[in-house]
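Notes to accompany the following structure.
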Amino acid sequence: GRRRPRVLAFHGRMAPEKRQAALHAFARPVKKDPTLRAPPPRILVATDRLSRGIDLPGTDHVILFDFPRDGAEYLRRVGLASRGDLDGKIPAVTSFVFDEQVAFAHALLNLDESGKSISIE
């Protein structure tokens, strides 16, 4: 058997009912396949539309299509991924960063690497 990843695209140009259907399909438990050692990876590709109040345990990778604009938004969006699941597995996070966002992204990474907290004011 082949491990095909389960990928969720979630953005504001999707109709609300399509976003809901996508979330339900993504969150549905994966059927166990005895020919596979592990379930297929689950990948979330999202804009800021998915930044608040949605928890998707079992996600393997989160791709932030648009980089957060400030510290509070960064914490909310990366927090979605960093909570992990019941097994303590924390997914990888990839962010696309462009133009004026680069300096802010570097500042956040430097704070994180130094162990300093991020101000959300």
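If you number the sequence shown the way my numbering does, the last residue is 112 and the count never jumps.
For each residue, glycine too, the CB sits at the ideal point set by N, CA and C.
Secondary structure of residue i, DSSP reduced to three states
| i | result |
| --- | --- |
| residue 113 | Residue numbering for the chain in the displayed model covers -8 to 112; residue 113 lies beyond these limits and cannot be assessed. |
| residue 84 | strand |
| residue 1 | strand |
| residue 40 | helix |
| residue 6 | coil |
Beta-carbon spacing of residue i, residue j below 7 Å
| i | j | result |
| --- | --- | --- |
| residue 40 | residue 2 | yes |
| residue 84 | residue 36 | no |
| residue 34 | residue 93 | no |
| residue 65 | residue 100 | no |
| residue 30 | residue 21 | yes |
Contacts around residue i, its chain only, beta-carbon distance under 6 Å, and the 5 residues preceding and following it disregarded
| i | result |
| --- | --- |
| residue 32 | -4 and 51 |
Which residues DSSP lists as bridging residue i, in chain order
| i | result |
| --- | --- |
| residue 35 | -1 and 53 |
* Given 8 Å, three or more beta-carbon pairs between the region 47 to 57 and the region 84 to 92 -> Touching, yes.
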